[in-house]
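S.K.:
2 protein chains.
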Amino acid sequence: MFYTTDSNRHGLAHDPFKAIVSPRPIGWIGSKGGDGSINLAPYSFFNAVSDRPKLVMFSSSGRKDSQRNAAETGAFTCSFVSRNLADKMNLSSAALPYGDSEFDFAGLTAKQAELVDAPYVGEAFAVLECKVTEIIEPKTLSGEPSENVFVFGEVVGIHIDEAIVRDGRIDMSLARPVARLGYMDYSETSEVFEMFRPRSQQG
Amino acid sequence: MFYTTDSNRHGLAHDPFKAIVSPRPIGWIGSKGGDGSINLAPYSFFNAVSDRPKLVMFSSSGRKDSQRNAAETGAFTCSFVSRNLADKMNLSSAALPYGDSEFDFAGLTAKQAELVDAPYVGEAFAVLECKVTEIIEPKTLSGEPSENVFVFGEVVGIHIDEAIVRDGRIDMSLARPVARLGYMDYSETSEVFEMFRPRSQQG
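Below, the structure written as structure tokens:
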């Protein structure tokens, strides 16, 4: 089947877009407001986007607390979600009034980052500490604004729980990261396989 | 353990950054150059970044053919990788001379997109046809340029193989999308679970 997004008449029970672009990694964004309140929320319109330097981005649908806080303090953290934290990650997506802590609501430990002014999830297997590099309102074909705002940050510090490291590598069977699919679906990373890059055919 | 990225002295056998931000979806980017040559390459610094309108982005490490072609023709496609296409996806990452077709090299069918001037993978379970909205050189804390260039596109058309649709939804156990982890690791999406959003606590 083929359809155009201007009508978006896909004829299915639910819009399939987010199911197509999957599995998406979950950045559990910790941030602090100018008033000192702390916030935590999961984003799956999130990814690493550069290795040198290490840059990540998350896309906020509407002007939400994470984006507001990142703009106010110039910082955020990304904690990562292992299978045993999935329920708490989901709880932290509740729409609480501004200033209420999702850490408290979900029963998570808010730890203060080392290098930036933002909290992170103490229970997470890995955490990135990030300084905001830019916040962008994306261009669209119609010229109408998107609902979304993109927050980019450079990673300045990295926490890793040594319990998930084996032979100098992060072992995915120990970390068991959760990813976002479409609808209400999530996946657990379990079936891992290796492929080596093909030899260059160039030059 | 904690380390700063300015020294990047993580003390592990391999840089863990890409393993931490995982699993990453794979956008298999099809593009056509101004000279009519076609290109295909997998990107995992790739994601959906907006739902209304539907925007995706991929980050090219260096000025590669996909980014060059997207700039020249203003278009690209994203095909998606099911488990049975993983080997061919990997083959398509070979560095071929500019103008040589990775479709031919990997034994894949190049189909012409409906709405944009770019090829896509005929065997893929889903394909997005995209028009370039902007190409950005990201800001960094040091002011030095990143190796990476971000290509953003708006989705104008969507193909879905009806064989993966069940009860009006894409069934991940039929699509079996492949994701990128760290090192040479990939995962297959197999263990799926549902979680429903917590009730709003606001207002």
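Sequences listed follow chains D and Y, in order.
Everything in the first sequence is counted per UniProt numbering, starting at 1 for the first residue and increasing by one.
Everything in the second sequence is counted per UniProt numbering, starting at 1 for the first residue and increasing by one.
The beta-carbon is built from N, C-alpha and C at its ideal position, and this holds for glycine as well.
For a contact defined as C-beta to C-beta under 8 Å, what are the partners of Y/Gly157 on chain D?
M.R.: In chain order: Phe2, Tyr3, Thr4, Thr5.
S.K.: Helix, strand or coil for Y/Asp104, going by three-state DSSP, please let me know.
M.R.: If DSSP states are grouped into helix, strand and coil, Y/Asp104 belongs with the helices.
S.K.: Taking 8 Å as the threshold (beta carbon to beta carbon), is Y/Glu123 in contact with chain D?
M.R.: Y/Glu123 does not count as touching chain D.
S.K.: Report the partner residues of Y/Tyr120 according to the DSSP bridge assignment.
M.R.: Beta-bridge pairing links Y/Tyr120 to Y/Lys111.
S.K.: Could you give the distance in angstroms between the alpha-carbon of Y/Thr77 and the alpha-carbon of Y/Ile20?
M.R.: Whole-angstrom Cα-Cα distance: 27 Å.
S.K.: Per DSSP, which residues does D/Ile170 bridge with? Please list them.
M.R.: Its beta-bridge partners are D/Val165.
S.K.: Between D/Leu55 and chain Y, is the shortest Cβ-Cβ distance under 8 Å, so that the two count as touching?
M.R.: Yes - at least one Cβ of chain Y is within 8 Å of the one on D/Leu55.
S.K.: Could you tell me the boundaries of the beta strand (DSSP E) in which D/Phe17 lies?
M.R.: That residue, D/Phe17, is in no beta strand (DSSP E); its alpha helix (DSSP H) goes 17-20.
S.K.: How many whole angstroms separate the CB atoms of Y/Ser190 and D/Ser79, which I take to be in contact at a CB cut-off of 8 Å?
M.R.: Incorrect: roughly 25 Å between the Cβ atoms, too far for contact.
S.K.: Take D/Arg63 as the anchor and find which of D/Gly107, D/Val192, D/Ser146 has the nearest alpha-carbon.
M.R.: If we check each option's Cα against that of D/Arg63, D/Ser146 comes out closest.
S.K.: Rounded to a whole number of angstroms, what is the C-alpha to C-alpha distance between Y/Asn8 and D/Asp171?
M.R.: Going from the Cα of Y/Asn8 to the Cα of D/Asp171 covers about 20 Å.
S.K.: In three-state DSSP terms, what is D/Thr140?
M.R.: Coil, per DSSP.
S.K.: I think D/Gly157 touches D/Glu114, with their Cβ atoms under 8 Å apart; what is that distance to the nearest whole Å?
M.R.: Going by Cβ atoms, the distance from D/Gly157 to D/Glu114 rounds to 5 Å, so yes, they are a contact pair.
S.K.: Skipping 5 residues on each side, what residues in its chain have a beta carbon closer than 7 Å to that of Y/Ala71?
M.R.: Ile135.
S.K.: Mind reading off the beta-carbon distance from Y/Ala75 to Y/Val132? Whole number of angstroms is fine, and I expect it under 8 Å.
M.R.: About 6 Å; that satisfies the 8 Å criterion.
S.K.: Measuring only between beta-carbons, confirm whether Y/Val116 sits less than 8 Å from chain D.
M.R.: So, not an interface residue.
S.K.: From the beta carbon of D/Thr189, is the nearest beta carbon of chain Y less than 8 Å away?
M.R.: So, interface residue.
S.K.: So, for D/Ser37: in the same chain, excluding its five sequence neighbours on each side, which residues have a beta-carbon less than 6 Å away from its beta-carbon?
M.R.: Taken in chain order, the residues that qualify are Gly99.
S.K.: Rounding to the nearest angstrom, what Cα-Cα distance links D/Val149 and D/Pro97 in this structure?
M.R.: Roughly 20 Å between the two C-alpha positions.
S.K.: Determine the closest residue to residue 216 of chain D out of Y/Ser31, Y/Tyr3, Y/Leu12, with distance taken between C-alpha atoms.
M.R.: In the structure displayed, chain D extends from 1 to 203; residue 216 of chain D sits before or after that span and is not available.
S.K.: Would you say the stretch 40-53 of chain Y touches the stretch 40-51 of chain D, given that touching needs at least three Cβ pairs under 8 Å?
M.R.: Touching, yes, given that three or more Cβ pairs across the two stretches are closer than 8 Å.
S.K.: Considering only the beta carbon of each residue, do Y/Asp117 and Y/Lys32 sit closer than 8 Å?
M.R.: Result yes, Cβ atoms of Y/Asp117 and Y/Lys32 sit closer than 8 Å.
S.K.: Taking DSSP as the reference, what is the three-state secondary structure of Y/Ser60?
M.R.: In the structure shown, Y/Ser60 sits in a strand (DSSP, three-state: E or B).
S.K.: What residues of chain D sit near Y/Pro42, judged by a beta carbon separation below 8 Å?
M.R.: Under the 8 Å cutoff, chain D gives no residues; its nearest Cβ is about 11 Å from Y/Pro42.
S.K.: State the start and end residues of the unbroken alpha helix (DSSP H) segment that holds Y/Ala71.
M.R.: Looking at the DSSP string, the run of the alpha helix (DSSP H) that includes Y/Ala71 is 65-73.
S.K.: Which two residues bound the contiguous alpha helix (DSSP H) that contains D/Asn8?
M.R.: Element bounds for D/Asn8: n/a, residue is neither H nor E.
S.K.: Run through DSSP, which three-state label would D/Arg24 get?
M.R.: Strand at D/Arg24.
S.K.: For Y/Ala126, count neighbouring Cβ atoms within 10 angstroms of its own Cβ and tell me buried if that reaches 16, exposed if not.
M.R.: Answer is buried; the Cβ neighbour count reaches 16.
S.K.: Which residue wins for smallest C-alpha separation from D/Phe196, given the options Y/Asp185, Y/Pro177, Y/Arg197, Y/Met195?
M.R.: The shortest C-alpha separation from D/Phe196 is found at Y/Asp185.
S.K.: Applying a beta-carbon distance threshold of less than 9 Å, which residues of chain D neighbour Y/Phe103?
M.R.: Within 9 Å Cβ-Cβ: nothing; Y/Phe103 doesn't reach chain D, min ~14 Å.
S.K.: What residues in its chain sit with their C-beta under 6 Å from that of Y/Ala124, if we drop five residues either side in the sequence?
M.R.: Excluding sequence neighbours, Y/Ala124 sits near Ser79, Phe80.
S.K.: Given the structure, does D/Ile170 come close to the ligand NAP, in the sense that its CB is under 7 Å from one of the ligand's heavy atoms?
M.R.: This structure lacks the ligand NAP, and indeed carries no ligand of any kind.
S.K.: Using a Cβ-Cβ cutoff of less than 6 Å, which residues in the same chain neighbour D/Ala86 once the five nearest sequence positions on both sides are dropped?
M.R.: Taken in chain order, the residues that qualify are Val178.
S.K.: Closest to Y/Phe17 by C-alpha separation, out of D/Leu174, D/His159, D/Gln67, D/Arg176, would be which residue?
M.R.: Out of D/Leu174, D/His159, D/Gln67, D/Arg176, D/His159 has the C-alpha closest to the C-alpha of Y/Phe17.
S.K.: Which word fits Y/Ser82, buried or exposed, when buried means at least 16 other C-beta atoms lie within 10 angstroms of its C-beta?
M.R.: Y/Ser82 is buried by the Cβ-count criterion.
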